[in-house]
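Q: Please find one structure pasted underneath; my questions will follow.
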DNA sequence: CCCCGGCATTGAACTAGTTCAATTTTTCAC
DNA sequence: GTGAAAAATTGAACTAGTTCAATGCCGGGG
């Protein structure tokens, strides 16, 4: 559990055993049952979470009640409404468990403590934010420039494991198309 | 020129005069004429630039030769291909001047020096990345969930000054629609 | 001053994607 | 295991957005 977290952050910075101890001391393990929420839009986001088990959907719910899924957070992913968490303002995103989940959570206070105690942590999150930013920039490029079928193929190539784990409705809400149309795309593709 | 840069970074962190001197010493002013490129896809992005005059478009050029504009960088904006700049890999983005421009540029080496010399700089870019990330997340939500007309209205509300400065083609390439259709949206809206 | 290349405008025909509704299949709670 | 609910499948009618082509506009370089 914590080993997974360690591996995750050591992609970006190195920590001694003591430093990692100190790092972990600020997290606590939360269990979230399927269909329960880690965050609801309107609330202030209390946690930044590192998923160690299960899968969440992070999504925006529009005025018509339709979901736009920003990303899926499975094992080894972070999940939060960054704006709400860092600025302690009401969230616009929902974070809901698609399976029974376990998440290592840190709150704002503890994160600020970490930033003070360990200079490296500032760098860690700078790099993580940067990488996430790059992937969202690519997603914008895809969503404004590619067809639904192309975006679907990109999705399956990038996250082959996710496809089996999710329903057609969820994938459609991620791609920004109706689930009926996704069904037609799949049929078309399977006929080659 | 440097005052604009100072104001820009002091939204996020405070610097003493000496620190700011040190900060600035790593930048140099570049002039880029209309239609010239600050970066071309395929090259390695040499600079991270802070625009002090003019306007750039930062865009992806797809296999069919059509442009997807990621953002416009006018005065007080930063422009770069982050992935290419930080990891020194070939860029996928083009950065082209829409007007005669002036940019304060820092190269990778100098940026790394800054990260070492001034711990605050790490924080500065962590926060800047974070804010940019939030705005791209919102853009993804819009582009997968809203109609072209809604996205156009969002754009004009968010960047009222940009609308007059750009051509219809450029705005359309930002919204991810054809310029003909943007024209029809505008006509429809002006008839109320 | 004029001409020309790039931009805006418009309409017609088309295609991608949606909505609705009906039916089947799968899942899963009891 | 069974019944109910959620998800998948499919088709028909529709709408949003594209593509192409023709025409007009207009601003700046010679």
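Chains as they are written, first to last, in our numbering: chain A, 166 to 357; chain B, 166 to 357. We put the beta carbon where it would ideally sit given N, CA and C, even for glycine.
Note down, one range per segment and in chain order, each beta strand (DSSP E) of at least 3 residues found wholly within the stretch 268-351 of chain B.
A: Listed in chain order, nothing qualifies, since the stretch 268-351 of chain B has no complete beta strand (DSSP E) run of 3 or more residues.
Q: Assign residue 231/A to buried or exposed, taking buried as 16 or more other Cβ atoms, counted over all protein chains shown, within 10 Å of its Cβ.
A: With fewer than 16 other Cβ atoms within 10 Å, it is exposed.
Q: Using the C-alpha atoms, what's the distance from residue 182/B back to residue 236/A?
A: Rounded to whole angstroms, residue 236/A to residue 182/B spans 42 Å at the Cα level.
Q: By the DSSP assignment, the beta strand (DSSP E) with residue 259/B in it spans what residues?
A: From DSSP, the beta strand (DSSP E) with residue 259/B extends over 258-262.
Q: Relative to the C-alpha of residue 239/B, which residue among 339/B, 228/B, 326/B, 333/B is closest?
A: Residue 239/B has its Cα closest to that of 326/B, out of 339/B, 228/B, 326/B, 333/B.
Q: Span of the alpha helix (DSSP H) holding residue 172/B?
A: 167-174 is the span of the alpha helix (DSSP H), which, as asked, contains residue 172/B.
Q: Measuring straight from C-alpha to C-alpha, what distance separates residue 295/B and residue 336/B?
A: One C-alpha to the other measures close to 25 Å.
Q: Pick out whichever of 219/A, 228/A, 317/A, 185/A has its Cα sitting closest to the Cα of residue 195/A.
A: The residue with the shortest Cα to Cα distance from residue 195/A is 219/A.
Q: Can residue 340/A and residue 320/A be called in contact, C-beta distance under 8 Å?
A: Closer than 8 Å, so yes.
Q: Using a Cβ cut-off of 8 Å, pull out every chain A residue sitting near residue 308/B, in sequence order please.
A: What residue 308/B touches in chain A: 305, 308, 309, 341.
Q: Label residue 332/A either buried or exposed according to how many other C-beta atoms from any shown protein chain fall within 10 Å of its C-beta, with 16 as the threshold for buried.
A: Classification for residue 332/A: exposed.
Q: Can you confirm whether the stretch 297-304 of chain A touches the stretch 204-221 of chain B when touching is taken to mean that 3 or more C-beta pairs between the two stretches lie within less than 8 Å?
A: Not touching, per the Cβ criterion.
Q: Chain A beta carbons: is any one of them nearer than 8 Å to that of residue 302/B?
A: Interface residue, yes.
Q: Could you pull the start and end residues of the beta strand (DSSP E) that residue 251/A belongs to?
A: Taken as a continuous stretch (DSSP letters only), residue 251/A belongs to no beta strand (DSSP E), being part of the alpha helix (DSSP H) at 247-252.
Q: Since residue 196/A sits in a beta bridge, which residues does DSSP pair it with?
A: In DSSP, residue 196/A forms a bridge with 267/A.
Q: Name the chain A residues that come within less than 9 Å of residue 346/B, Cβ to Cβ?
A: Per Cβ cutoff of 9 Å: no residues; residue 346/B is ~13 Å from chain A at best.
Q: For residue 360/B, which of helix, strand or coil comes out of DSSP?
A: Summary: the structure shown does not reach residue 360/B, with chain B confined to residues 166 through 357, and so no result is reported for it.
Q: Taking only beta-carbon positions, decide if residue 208/A is within less than 8 Å of chain B.
A: Judged by the 8 Å Cβ criterion, residue 208/A is not in contact with chain B.
Q: With C-beta atoms as the reference, is residue 212/A less than 8 Å away from residue 251/A?
A: It is not a contact, given that the beta carbons lie outside the stated cut-off.
Q: Between residue 226/A and the rest of its own chain, which residues show a CB-CB distance below 7 Å, the 5 nearest in sequence each way excluded?
A: Excluding residues within five positions, the ones whose Cβ falls inside 7 Å are 206, 232, 259.
Q: Apply the 10 Å Cβ neighbour rule to residue 353/B and answer buried if 16 or more other Cβ atoms are within range, or exposed otherwise.
A: Residue 353/B is exposed by the Cβ-count criterion.
Q: Mind checking who residue 202/B pairs with in its DSSP beta bridge?
A: Beta-bridge pairing links residue 202/B to 261/B.
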